[in-house]
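Note sheet for the following structure.
In the numbering used here, the protein residues as written are 7 to 267.
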């Protein structure tokens, strides 16, 4: 019975049956229909997490995020459910990891030091700084610096429920604006931040730009990128972490400029 229903009902009809008539069978079909999104998001997140983090746990929490998305999604607004669900699934997984205290305080402190170092040195030299310059600034060996970058690779993930800054109560989700209701100030800020991001990406090393492009635009996993670039997965993880830390430092600096303007 349910199989026949799946073949005769369109996605829109399933949404109507669930939202308008609270049809539990329609809800179950929507969950099954969009389960691949959970696999996609959990696989991408797993690539940057320690091995002791269970992939099954990520998937389980991702399913909870999918169910929450299906329950809260307004199908009448004409928005893409896949995009909305991806954020909800990602947020659910990261929230579960955060509640388990998966990132030690020492790792957070290392990430903050590296971000601040990139911001100070690249503002000073007006170019991409080398590992040697970073090591000298942080007063560690280059080997220790690479180890630090590897250690903070798990910090390159974020959730919409995270505060914009550690000392702020405002969350990232609060700055998301309805695509149908952009005001002029938002457009100016959006253009400024996009320009800043493009400029920051241009300052990355060639290998860092390649990793960012393959990971975020081509949807390759870190292991797949390692094969493409003929490098070890750990090296790819380092390049990804360094790129994200550089981009974060630039965006934080420019966000502060916007707030002062």
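By construction, the Cβ of each residue, glycine as well, lies at the ideal position given by its N, Cα and C atoms. Only a predicted model underlies this, so the values are computations on that prediction, with no experimental measurement involved.
Here residue 237 carries a coil assignment [DSSP, helix/strand/coil]. Only residues of its own chain outside the window of five on either side were considered, and among them 134 have a CB closer than 7 Å to the CB of residue 211, listed in chain order. Ranked by Cα distance from residue 64, the first of 89, 258, 99, 216 is 99. Rounded to whole angstroms, the Cβ separation of residue 156 and residue 244 is 6 Å, and the two are in contact under 8 Å.
Taking a C-beta distance under 7 Å as the contact criterion, residue 92 and residue 47 qualify as a contact pair. Remark: C-beta atoms of residue 40 and residue 72 approach each other more closely than 7 Å. By the neighbour-count definition (other C-beta atoms within 10 Å, threshold 16), residue 68 is a buried residue. Per DSSP, residue 83 is not a residue of any alpha helix (DSSP H), being assigned neither H nor E. In the structure shown, residue 115 adopts helical secondary structure according to DSSP, grouped into three states.
A distance below 6 Å between beta-carbons, with the five flanking residues on each side excluded, links residue 257 to no residue of its chain. Residue 226 carries a coil assignment under DSSP once its states are collapsed to helix, strand and coil.
Residue burial is scored here from C-beta neighbours: residue 95 has at least 16 other C-beta atoms within 10 angstroms and is therefore classed as buried.
The DSSP-derived three-state label of residue 244 is helix.
Exclusion of the five residues before and after residue 115 leaves no residue of its chain whose Cβ lies closer than 7 Å to its Cβ. Only residues of its own chain outside the window of five on either side were considered, and among them 23 have a CB closer than 6 Å to the CB of residue 29, listed in chain order. The continuous alpha helix (DSSP H) containing residue 48 extends over residues 30-52. Counted as a single uninterrupted DSSP element, the alpha helix (DSSP H) harbouring residue 152 occupies residues 148-157. When the beta-carbon positions are compared, residue 122 and residue 138 stay at least 7 Å from each other.
One thing to note: residue 206 has its Cβ no nearer than 7 Å to the Cβ of residue 237. An exposed status is given to residue 131, since fewer than 16 other beta-carbon atoms sit within 10 Å of its beta-carbon. The residue among 223, 247, 216 with its C-alpha nearest the C-alpha of residue 233 is 216.
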